[in-house]
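Colleague:
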Amino acid sequence: MIQKVKEKRTPHYVLSKIKAFFTCKRTRYITDLAHKGAAAMGYMDDDDIQTVIGRLCSEHFYKSMTAYHDHKIWQDVYKFQDGDKGLYIKLQLSVDEGKTILIQMKRDEGRDE
Numbered sequence: 127m128i129q130k131v132k133e134k135r136t137p138h139y140v141l142s143k144i145k146a147f148f149t150c151k152r153t154r155y156i157t158d159l160a161h162k163g164a165a166a167m168g169y170m171d172d173d174d175i176q177t178v179i180g181r182l183c184s185e186h187f188y189k190s191m192t193a194y195h196d197h198k199i200w201q202d203v204y205k206f207q208d209g210d211k212g213l214y215i216k217l218q219l220s221v222d223e224g225k226t227i228l229i230q231m232k233r234d235e236g237r238d239e
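Sequential numbering from 127 applies to the sequence shown in the numbering used here.
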């Protein structure tokens, strides 16, 4: 049975914790989808991506949503303007909360996703 995605307008995770985990290679995970999206916008390596994540602040928060495959897992979405690039960034903590996972990083096309 497919569950409908839930949304809320408050962050599920503490941004400072997400950013702290993301600074260390052993406590961050970047999905293939996020790597491809980042590379398409010119962010060619993990350090480029880490720099962007490090610049996020609470004002960039857009929404929290449950994962499509598991309605118990929350993902926080941030929209961030980096120069002429509008970014859509989806993050979550791992189930054991030992890693930050970058689910998606792509150009923000301005529609509600």
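Don't be surprised by glycine CBs; every beta carbon is placed ideally from N, CA and C. From a predicted model like this one, the values you see are computed outputs, not experimental measurements.
Between the beta-carbon of Glu-133 and the beta-carbon of Ser-190, is there less than 8 Å?
Modeller: Against a cut-off of 8 Å, the Cβ pair of Ser-190 and Glu-133 comes out as a contact.
Colleague: Tell me where the beta strand (DSSP E) around Arg-135 begins and ends.
Modeller: Taken as a continuous stretch (DSSP letters only), Arg-135 belongs to no beta strand (DSSP E), as it is neither H nor E.
Colleague: Just list the residues that DSSP pairs Ser-184 with in beta bridges.
Modeller: Its beta-bridge partners do not exist; DSSP assigns none.
Colleague: I'd like to confirm something about Asp-222: is its beta-carbon nearer than 7 Å to some heavy atom of the ligand HEM, or not?
Modeller: For the ligand HEM, the structure offers nothing, since it holds no ligand at all.
Colleague: Looking at Asp-234: is its Cβ nearer than 8 Å to the Cβ of Tyr-139?
Modeller: No, the Cβ-Cβ distance between Asp-234 and Tyr-139 is not below 8 Å.
Colleague: Looking at the structure shown, is Ser-142 part of a helix, part of a strand, or coil, going by DSSP?
Modeller: Helix, per DSSP.
Colleague: Buried or exposed: which applies to Arg-154, given that a residue is buried once 16 or more other Cβ atoms fall within 10 Å of its Cβ?
Modeller: Classification of Arg-154: buried, given that the 10 Å Cβ count is 16 or more.
Colleague: From this set, Lys-151, Leu-159 and Gly-224, which residue's C-alpha is nearest Tyr-214's C-alpha?
Modeller: Answer by Cα proximity: Leu-159.
Colleague: Return the CA-CA distance between Thr-149 and Gln-176, expressed in angstroms with no decimal places.
Modeller: Rounded to whole angstroms, Thr-149 to Gln-176 spans 7 Å at the Cα level.
Colleague: Exposed or buried, what is Gln-218 when buried is set at 16 or more other beta-carbons lying within 10 Å of its beta-carbon?
Modeller: Gln-218 is buried by the Cβ-count criterion.
Colleague: Please work out which residues of its chain come closer than 7 Å, Cβ to Cβ, to Gly-224, disregarding the five sequence neighbours upstream and downstream, and give them in chain order.
Modeller: Only Thr-153 meet the Cβ criterion.
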